[in-house]
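Under our numbering, the letters of the sequence shown match residues 5 to 111, in that order.
Comments concern the structure below.
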Amino acid sequence: MDLGIILETNDPERVWNAFRLANTALDADHTVEVFLLGDGVEAPDLEHEKFNPHGVMLKYTQNGGELFACGTCLDSRDLEADDLRPRSTMDDYLRIVEDAEKVLTIG
């Protein structure tokens with residue numbers, strides 16, 4: 005299955021759970037693409053005593069998951085693109101939605 009996940013939150017537990025799902029789907033040989041939108045572009049910077057958003061995101065990319073980050077959302081927060089938030093566009097977002105068999109929005 006091709007799974008698209010739209011992540012629109014900077015809540016550490018929601019980010020952690022979204023990427024736990026993404027990693028589980030990759031482990032089950034599904035294709036997964038995650039688009040960070042709005043507050044979601046802050047996800048790589050999150051720290052929490054119980055949850056490890058950065059760690060599950062890193063695992064996701066190391067396991068071949070594709071990651072995209074809204075360039076406009078990065079700019080509005082004065083954030084730089086990096087490996088865990090590659091600058092992307094609405095064209096990328098649209099392609100993910102069009103190509104995915106299932107799309108989940110987590111916000």
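All residues carry an ideal CB built from backbone N, CA and C; glycine is no exception.
Just so you know, these numbers come straight off a predicted model, no measurement behind them.
Sequence-distant residues of the same chain with beta carbon closer than 7 Å to Asp-87, five excluded per side:
So the qualifying residues of the chain are Thr-65.
Give the straight-line distance between the Cα atoms of Pro-57 and Asp-82, rounded to the nearest whole angstrom.
Straight-line Cα distance between these residues: approximately 20 Å.
Is it the case that the Cβ atoms of Ala-26 and Gly-69 are separated by a distance below 8 Å?
A contact, by the Cβ cut-off of 8 Å.
Pairwise C-alpha distance: Glu-105 and Asp-6:
Rounded to the nearest whole angstrom, the C-alpha separation of Asp-6 and Glu-105 is 5 Å.
Going by DSSP, name the residue or residues bridged to Ala-32.
None; Ala-32 has no bridge partner.
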